[in-house]
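Protein chains: 2
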Amino acid sequence: MLRLRRHHYPDHHRRILLRLFHHSTFHPQPLDLPLCHPTYQIWSANTSLGKTLVSAGLSSSFLLSPASSANKKFVYLKPIQTGYPHDSDSRFLFTKLPSLSLRRKFPSSLILSNSILFSSLFAAKSFLSSRDLPFQPEKFNSEMYDLNFREENRISGEEDSSVSELVCKTLFAWEEAVSPHLAAERESGGVVGDSKVIETLGKCLRDGLESEIERGKREILCIVETAGGVASPGPSGSLQCDLYRPFRLPGILVGDGRLGGISGTISAYESLKLRGYDVVAVVFEDHGLVNEVPLMSYLRNRVPVLVLPPLPQDSSNDLMEWFDESHNVFDSLKNIMLLAYSERIQRLCDMPKRAGELFWWPFTQHKLVPEEAVTVIDSRCGENFSVYQDQKNKFIGQQFDACASWWTQGPDATLQIELARDMGYTAARFGHVMFPENVYEPALECAELLLQGVGKGWASRAYFSDNGSTAIEIALKMAFRKFSFDHDVLVDFLGKDTTEKCVELKVLALKGSYHGDTLGAMEAQAPSPYTGFLQQPWYSGRGLFLDPPTVFMYNSKWILSLPELLYSEIVEHKDITFCSRDEIFYEERDSSELASIYSSYISQNLLQNPGLKVSGCIGALIIEPVVHAAGGMHMVDPLFQRILVKECQNHKIPVIFDEVFTGFWRLGVETTADLLGCVPDIACYGKLLTGGVIPLAATLATNAVFDSFVGDSKLKALLHGHSYSAHALGCAAAAKSIKWFKDPQTNHNIIPERRILRELWDLDLIQQISSHRTVQRVVALGTLCAIELQAAGCNAGYGSLYAASLLKKLREDGVYMRPLGNVIYLMCGPCSSPEVCSQLLLKLYQRLEEFDKVEEKLKSC
Amino acid sequence: MLRLRRHHYPDHHRRILLRLFHHSTFHPQPLDLPLCHPTYQIWSANTSLGKTLVSAGLSSSFLLSPASSANKKFVYLKPIQTGYPHDSDSRFLFTKLPSLSLRRKFPSSLILSNSILFSSLFAAKSFLSSRDLPFQPEKFNSEMYDLNFREENRISGEEDSSVSELVCKTLFAWEEAVSPHLAAERESGGVVGDSKVIETLGKCLRDGLESEIERGKREILCIVETAGGVASPGPSGSLQCDLYRPFRLPGILVGDGRLGGISGTISAYESLKLRGYDVVAVVFEDHGLVNEVPLMSYLRNRVPVLVLPPLPQDSSNDLMEWFDESHNVFDSLKNIMLLAYSERIQRLCDMPKRAGELFWWPFTQHKLVPEEAVTVIDSRCGENFSVYQDQKNKFIGQQFDACASWWTQGPDATLQIELARDMGYTAARFGHVMFPENVYEPALECAELLLQGVGKGWASRAYFSDNGSTAIEIALKMAFRKFSFDHDVLVDFLGKDTTEKCVELKVLALKGSYHGDTLGAMEAQAPSPYTGFLQQPWYSGRGLFLDPPTVFMYNSKWILSLPELLYSEIVEHKDITFCSRDEIFYEERDSSELASIYSSYISQNLLQNPGLKVSGCIGALIIEPVVHAAGGMHMVDPLFQRILVKECQNHKIPVIFDEVFTGFWRLGVETTADLLGCVPDIACYGKLLTGGVIPLAATLATNAVFDSFVGDSKLKALLHGHSYSAHALGCAAAAKSIKWFKDPQTNHNIIPERRILRELWDLDLIQQISSHRTVQRVVALGTLCAIELQAAGCNAGYGSLYAASLLKKLREDGVYMRPLGNVIYLMCGPCSSPEVCSQLLLKLYQRLEEFDKVEEKLKSC
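Protein chains in written order, with the working numbering: chain L, 26 to 886; chain D, 26 to 886.
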């Protein structure tokens, strides 16, 4: 099927596209972290505990060990330096190492360099005047002075064949000897943002590496030294442990050997753990208090603790003797670091194989997943995975989690860290405690927020379970009881044998909807290969399944697509289009001709299953409001669903909203009841409920539903529960996330007065894609942008193949997507910035174009 | 039914029982914490940051405010003091307040006292000689010198009608000015254990309170000041933040206003959060660095940050002016503390009502739970709940979680804190990430530990889900596929319509077993009121359900009870007893006559459902090995289950072990396969899998089962998955707990060479209980001690009523149990000390005796 294509690139898109095309996809991304050699971050429990001495000691141990082969390189990076130029840690290493080299009689040649990249105006002037260098104002931009100073030194050794190298760099420097956030604020107006720091650091970490690797196997050790304590603010005010988190470099913690130092060291360690860092060793200066004993006990001997000899009291001491005394400690430390590095790499390399051998992945045909297709996720930071890649060179790259990890994800990096602290707190305060007949703060707060939020105006009870599927099973039990209660199925039930089957209850559901994988939830969906004997021998399909009308964007227009039954009935309506997406949701449509057609279609179907018959009657309506997710990201005409809900409620059939996917801003609103303009009797939540950190589900219900379970007998109560019902961690995560997502202070996407998210997907670009030759339909709503691909001959099988290879390419671009057959989608979080969303969309567009060209070329051959 | 009773109290039990009888149940327990007035703990980010100045400032603000009515009491407790008597923080308050009182022209009278309870020999001698007091060696025991010194002071005010009071106490003192763990080790041999410290503190917190309350509404503020930093070790070496955790007092954090102090303050705050503490305010001395700005930003303005004026440099300064300058800050701090206290109490009071209005508890008839029956759980610490109680006086009491919160719990207090840190770390490192086709460390480590542990020797794949019920549904799908594969049900399935039903598959299961609440899991259990139309209209019971033989202790003997079918067949066996519990598990029984009777009974039943019939054939065996938990804690004869397993495996019927309850040491072994002496094809785990902190479930399978899902089509794969499959937090908790429970270093109950837990329940006492007139049977195995009560006329209804009132009394004794009808049980964790278990058992025994007497009395009337 060939369609006319309109190529109307708006100018600004052309520009962005051009920029993107020029940025080859194989170039490293700003946060790519090389792993071909060890890189460690030096942290400290407090300021002035000797981080730089540890760095210097390591450089000496690494470069000057007589036993080691020369031809090594030690890279020392100091991203943030205050008190400059008086204090310069990179210069300390640059000047100390030659003396140590002479003292150790290092036989090989040694090349040393020290650079300073950017500094504040004050620091720059002070530095230049101290060196009698001229000040060049043109190098001063609004941010920082582009100092780019470099000094070198070379010590010729006896053995001239091998050369070792020390590279020292200070990335950003300020003059005042205060916390970086103060210095930056006072000297550079606080304009050095977090992204600037980590992009510059990333560049330095990758600097010259390609040529290094070409030059052969030179051993490299890289150290990134922080400023102050682990949670000291960086120039933007962000804590350093948060600022550097995207790299998640393994750490060395310089502890405190003084009185009170055990506490400070342990707390610093815990702050690092609370950001997901690994610490491979703790090292501190001896003050005669044997602080190592309680530290080792706390660490259960799993992290080595090393003790450095006491420093000389005299500040004019050149420390040469101290370095001599410390030599063995630094050797041990270096060996620990090298060993931890090689063990880590070995583990990362082995992981795909181990995974393929031990895991049984859900929804996965293992035979179709070769070892090299397994993604090794080293960590996540906000919306991004850090993925270990072992291509030309080992590195850790960033991939945007555009599948939102099975549609669960919401946190940005800040929320993730807040959730981590809350998880630690809640586990320490509660662990898990028994729920029935009890109350504890997280469960109560979560219930309050649910009933004031998504359940506002209709729900009055919260029932907790573990996942969407169990929430649905509970909802069905609630609905059937309510129905039986309303329709006198259960007159005097306690007198009867309750095991007796009264009537055969069915659900009314829509074709293409999906409610979970446990048997009860599966029974509420229409037959499909997923429900067949091969998968679920006990499935029978206990429902009446209606074919719904859907809407989508095609060729820049929103179009209504009617099911065949309706289609034949109302031919004149087959070309209904909408001017905008908003129009689809207008409640004015209730009085349209289409509304009455829908209404009679639904009534007819309900009449076929009227009232109570022993052979089967409809005891519940269950819908996924607005979007059928697993069924292929189909947007159902909300008018149709609204009428369906009202018809059922008129017949006293309880209505269940399955908001497991659609709830909590997934579609741009907290609850889709707001989009549909009607409320259910029962609704189910999961996935984004906890922000995406931990499983929890909730089934909300009206008081009328609840009342049908109240009585004098426990047997009338709802006897369904899971061990971790309303577990404290889940409820705490939910409480935090619910508040975070709807608070304009924390979620900048919220339009407060309208209780909706602003548009995250660029409309022009969406239209562009919907007009693309390879695209069959687009649904963009809230955090979702789904695209059905149209492959040659409308062959869905081919389409999925096409989708799979498209997504493979997109992973190279740093976008992690998963296909749903021939439907692909981008999914962000409620707090994701529209800028990031546009970048994702552009990358997708670029790959569509690329594939299109290849295909056309193939055709023309 | 009247039975002979043998009253043979062994002597040592008599002693324990006597002690227990004397200890009236209404006396406060060692850790009861009064809540009738605010009590706060003062923490500090480091040593020497002015905790005592804050305490003094608060005492002055609370007692000396002219606006406030007098007749107040300020209690200052310093549990741990080093550097004594030179340093005495309690004496500092005792001596400072009179000067401040004069300076403030405080109109009322003021009574002050300062006590010191215990000190080391060195500290005592030094103190006594400084006061010219004689040393009385008889007051010195192996631990500490019972100094019990008290000094008083009284300042008569103008208004003599009202009297305010300052009570200062130092609980334990050592002479050397070092960390308490060092001082205690050097001066008192490290014998002041954690329990000694907190029991003494608990006593001081409750001291004189009854008379206070009688005396009328005197306002009281109590402060407990820690030593050093938050994580500084106490006398035993335990970190203070861990040591004081059972009280979980709300805290004031004294921060650090110096350079580097932001980091130290934040880290200290995080260490407190990681132990479940609430911090209501941060306060620190100004050093001109505006540290409050980043601190407030970090705390998102949710915790107030207060800044004290700089201290005078001159150490001889009497600080009077500084206290004057600080007055407003201390007033604010005091008001924050009083407000936070009243808000907390209000919330705690309201919680039962709110819970009753908003929650929908599972398995609970709400009509039967009045507001006063709702338990408010303020926190948990190891095996204990901290429960808010609002009886005569408000307080927080401890209750041992003897229901193990629906059988999930395993952690002791140490593991709980380790898990909390791991949860924080894992949430920060991973949050949740997509599982299929991916690998990440916690999931891989968890799978490795499962397959090397409970799955050792048979399982080769781990399938993750969210709870026992979903794990069972997955297991059934696996088993049916394997069965269909082995029995050629699915010849050339891809060619067929996979929605077509090939055969009607059933499970073979035992009556009384229970596998979960979702429909698929319910179908595998025999009909009961829980499965009736009222509860689950879709249940049909897709199984062949056999009645199993059970074993239990009665009248000090283990007895076999046969099902009716077998009973009639083999009358001569009806009195089978066992000399010991171990004998029941002997594999030698395989060659007994009983074994062949079992075998033929099973074969007959299988033959009734032979091979493949369209009308229904048995596609899986599912059992709860050894103990039917929810069915009433019945121990099934393991010989019967072993033969059942073997017969099924001979018929190529896949065998599922439902180890959701029984796994991970619940029954004293990691896997009940070790008890049964045979292995399954598939096994399910949940509950204790994560140690009891977070939901996660796993289904393990053999390679042969896995292979029946391998093929070229995704449709042949197992298409069942939940959003949070193998979520990182769950896997991390499981990995930690699996290792913790089986490591003799961390679990002192492990008998390493036998891979079993030592006996946790005192056998004599168990026998005693099994011989009790009110007891019908006892099953004690591993962490479980279940007791079926026998009520008058064997009426189970009466029995449950009896059980309910018994358990109500036991809650007053600090034991939180839940009944299963007329079965009650104590359940501890794998690491619980046998001493604690014996205490629980004794309390239970005492209450049984008490109830028995009442009943006998009623009868005789």
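Where a beta carbon is used, it is the ideal one built from N, C-alpha and C, also for glycine.
Please report how far the alpha carbon of residue i lies from the alpha carbon of residue j, in whole angstroms.
i, j, result
"residue 528 (chain D)", "residue 424 (chain L)", "46 angstroms"
"residue 706 (chain L)", "residue 88 (chain D)", "56 angstroms"
"residue 269 (chain D)", "residue 535 (chain D)", "48 angstroms"
"residue 626 (chain L)", "residue 591 (chain L)", "8 angstroms"
"residue 383 (chain D)", "residue 188 (chain D)", "46 angstroms"
"residue 67 (chain D)", "residue 79 (chain D)", "8 angstroms"
"residue 756 (chain D)", "residue 237 (chain D)", "51 angstroms"
"residue 614 (chain D)", "residue 504 (chain L)", "51 angstroms"
"residue 637 (chain D)", "residue 568 (chain D)", "At residue 637 (chain D) the pLDDT is 47, less than 50, meaning the model places this residue with poor confidence; the figure from the coordinates comes in the next sentence. Whole-angstrom Cα-Cα distance: 15 angstroms."
"residue 661 (chain D)", "residue 532 (chain D)", "18 angstroms"
"residue 695 (chain L)", "residue 588 (chain D)", "56 angstroms"
"residue 110 (chain D)", "residue 165 (chain D)", "17 angstroms"
Checking 8 angstroms against the spacing of the C-beta atoms, do residue i and residue j come in under that value?
i, j, result
"residue 513 (chain L)", "residue 722 (chain L)", "no"
"residue 146 (chain D)", "residue 172 (chain D)", "no"
"residue 81 (chain L)", "residue 281 (chain L)", "no"
"residue 103 (chain L)", "residue 112 (chain L)", "no"
"residue 752 (chain D)", "residue 720 (chain L)", "yes"
"residue 798 (chain D)", "residue 835 (chain D)", "no"
"residue 688 (chain L)", "residue 713 (chain L)", "yes"
"residue 209 (chain L)", "residue 447 (chain L)", "no"
"residue 663 (chain L)", "residue 603 (chain L)", "no"
Hey, out of the options, whose CA is closest to residue i's CA?
i, options, result
"residue 497 (chain L)", "L:541, L:622 and L:536", "L:541"
"residue 385 (chain L)", "D:831, D:742, D:682 and D:841", "D:742"
"residue 538 (chain D)", "D:129, D:291, D:658 and D:470", "D:658"
"residue 699 (chain L)", "L:716, L:666 and L:730", "L:666"
"residue 474 (chain D)", "D:391, D:570, D:725 and D:495", "D:725"
"residue 318 (chain D)", "L:258, L:85 and L:623", "L:258"
"residue 734 (chain D)", "D:252, D:565, D:125 and D:499", "D:499"
"residue 605 (chain D)", "D:576, D:335 and D:855", "D:576"
With 7 angstroms as the C-beta to C-beta threshold (strictly closer), list the residues of the stretch 537-551 of chain D near chain L in chain order. Per Cβ criterion, the list reads 542, 543, 544, 545 and 548.
Could you run through the stretch 437-464 of chain D and flag, in chain order, every residue whose CB is less than 7 angstroms away from some CB of chain L? Taking a C-beta cut-off of 7 angstroms against chain L, the contacting residues of the stretch 437-464 of chain D are 441, 442, 444, 445, 446, 448, 449, 450, 452, 453, 454, 455, 456, 457, 458, 459, 460, 461, 462, 463 and 464, listed in chain order.
Going along the chain, which residues of the stretch 62-84 of chain L sit with their C-beta nearer than 8 angstroms to a C-beta in chain D? Of all residues in the stretch 62-84 of chain L, only 70, 71, 72 and 73 come within less than 8 angstroms of chain D when Cβ atoms are compared, listed by chain position.
Using a Cβ-Cβ cut-off of less than 8 angstroms, give me the residues of the stretch 641-667 of chain D that come near chain L, in sequence order. So the close ones are 644.
Which ranges does the beta strand (DSSP E) cover as unbroken runs of at least 3 residues, wholly within the stretch 375-441 of chain D, from first to last along the chain? The DSSP assignment places complete beta strand (DSSP E) segments of no fewer than 3 residues inside the stretch 375-441 of chain D at 400-406, 409-415 and 419-426, in order along the chain.
Closer than 7 angstroms, Cβ to any Cβ of chain L: which residues of the stretch 700-713 of chain D, in chain order? Along the stretch 700-713 of chain D, going in chain order, the ones with a CB nearer than 7 angstroms to a CB of chain L are 711 and 712.
Taking only beta carbons into account, state which residues of the stretch 481-503 of chain D come closer than 7 angstroms to chain L, listed in chain order. Within the stretch 481-503 of chain D, those residues whose Cβ lies closer than 7 angstroms to any Cβ of chain L are, in chain order, 486, 487, 488, 491, 492, 493, 494, 495, 498 and 502.
Could I get the ranges of all uninterrupted beta strand (DSSP E) runs contained in the stretch 562-629 of chain D, with 3 residues as the minimum, in chain order? For the stretch 562-629 of chain D, whole beta strand (DSSP E) runs of length 3 or above, ordered along the chain, are 568-571, 575-579 and 582-586.
Could I get the ranges of all uninterrupted beta strand (DSSP E) runs contained in the stretch 482-511 of chain L, with 3 residues as the minimum, in chain order? The stretch 482-511 of chain L contains these whole beta strand (DSSP E) runs: 486-490.
Every unbroken alpha helix (DSSP H) within the stretch 92-142 of chain D, with a cutoff of 4 residues, ordered by chain: Every alpha helix (DSSP H) stretch that sits fully inside the stretch 92-142 of chain D and reaches 4 residues is listed by chain position as 114-128.
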